[in-house]
Structure formats: C-alpha cells, structure tokens
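Just below is one structure, and these are the notes that go with it.
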Amino acid sequence: MRMRHRAGTAVVALALAAASAGTALATECEHDDAFLTAAHQSNMAEIAAGKDAGRHALMRCTKETGKVLVSDHTRMDESLRALAKRLKVTLPKDVTAAQQQEMADLAKRAGSRDYDKMWLKAQETGHVAVLKLIDGEVKSGKDDEVRDAARAARPFVAHHLDLVRDCMRMR
Numbered sequence: 545m546r547m548r549h550r551a552g553t554a555v556v557a558l559a560l561a562a563a564s565a566g567t568a569l570a571t572e573c574e575h576d577d578a579f580l581t582a583a584h585q586s587n588m589a590e591i592a593a594g595k596d597a598g599r600h601a602l603m604r605c606t607k608e609t610g611k612v613l614v615s616d617h618t619r620m621d622e623s624l625r626a627l628a629k630r631l632k633v634t635l636p637k638d639v640t641a642a643q644q645q646e647m648a649d650l651a652k653r654a655g656s657r658d659y660d661k662m663w664l665k666a667q668e669t670g671h672v673a674v675l676k677l678i679d680g681e682v683k684s685g686k687d688d689e690v691r692d693a694a695r696a697a698r699p700f701v702a703h704h705l706d707l708v709r710d711c712m713r714m715r
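Every position in the sequence shown, counted from 1, becomes a number in our numbering once 544 is added.
Next up, the structure:
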C-alpha cells in the first residue's frame, strides 16, 4: 500500500476551502493519490450536504439541487472508490474537519432563508474549488485512469455549479 503524505491532506484542505488546488507535490503518484482523496472527501461532503438541504432548505430550488448532488456524487464516488481500490489507494472514511464545521454552522440556520443562502454559497465555493482540482489533475496527473476519472467528473461538477448559481439568482 502506498504511503499517504501530509501533502495530500494539505491539498484536500486547500481545495475544499476554495484555495488553489494546484499545489505541486513531491512525487508523481502523490498528485493522483491526493486527487482521489480530495475528490472522495468532496463527494462525501456533497452527499451529506445534499441530504441536509432536503431536510432543512426552504427554497424548492435548493432542495432539488441537493437531490441532484446526492444522486450524482453517490454515483461518482462509487466509481472513484473502485478506482482507488484497484490502485491500492486508501481513502479516508470521513469528511475533513473543515467540512464538518461548515455543516455544523449550516445546521444552526436550518429552516431559514439564511440556511439556503449559506448552503448555496458553500456549494458555489466548493464546486469552483473542485473544478480547479479536476483541471489540475487533468493537466498534471500521471495515471491515465485517474485523469480519465477527473475528465468524466468535470461535466457533472460544472452542471452542479450551474444549478447552484441558478438557485442563487432566484433568491
């Protein structure tokens, strides 16, 4: 099994905090491994956020977008986990601490207009960051299968961003 380095964790934190996800890593496999890790944690966070929106959002658009996120990110993560298993990459079992905190902050506003506003803003920020992460993998990834997975995920993530921005205009 390949060793995970702190650089992979740093990329996850940066990508999901909407910072630059194009951090150069020390070895070729670390970039691909870090992408798989970050994408998996993003998928888990999007699935949880989508379910949460279904329970706590007020706007129909937010609820429907959440439903799409759950469906698409569940499918993408199943494929990603299978790829990681084939490549012997160990994926984390939980979302990051920053993602957990963001969900906790949102929960405080459940059932309010502020919830929808914050949820949509968080989704916009997160999807922009993930698109940067995907583009970085497509450009600099070394493993063909991982680059192909990134290419395959991009249209879904871009569509999610469009859905989120459409909802933001409705507020």
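We treat Cβ as the ideally placed atom computed from N, Cα and C, and that holds for glycine.
If you compare the alpha carbons of Glu689, Gln644, Ser586 with that of Asp621, the shortest gap goes to Ser586.
If you ignore the 5 residues before and after Gly655, its C-beta comes within less than 8 angstroms of the C-beta of His600, Leu602, all in its own chain and listed in chain order. Take the alpha-carbon of Glu681 and the one of Ala583: they are about 11 angstroms apart. DSSP, reduced to helix, strand and coil, places Met712 within a helical segment of the structure shown. Between Leu624 and Leu580, the C-beta spacing is below 8 angstroms.
Taken through DSSP and simplified to helix, strand or coil, Met603 comes out as coil. Residues Met603, Cys605, Thr606, Thr609, Leu664 of the same chain have their beta carbon placed closer than 7 angstroms to that of Cys711, with the five preceding and five following residues left out of the count.
Sequence-distant Cβ neighbours of Ala626 in its own chain, meaning closer than 7 angstroms and more than five residues away, do not exist here.
Following the DSSP letters along the chain, one finds Val682 inside the alpha helix (DSSP H) bounded by residues 657 to 684. By the neighbour-count definition (other C-beta atoms within 10 Å, threshold 16), His671 is a buried residue.
In this structure, Ala593 places its C-beta atom within 8 angstroms of the C-beta atom of Gln667. In this structure, DSSP gives Leu631 a state outside helix and strand, which the three-state scheme calls coil.
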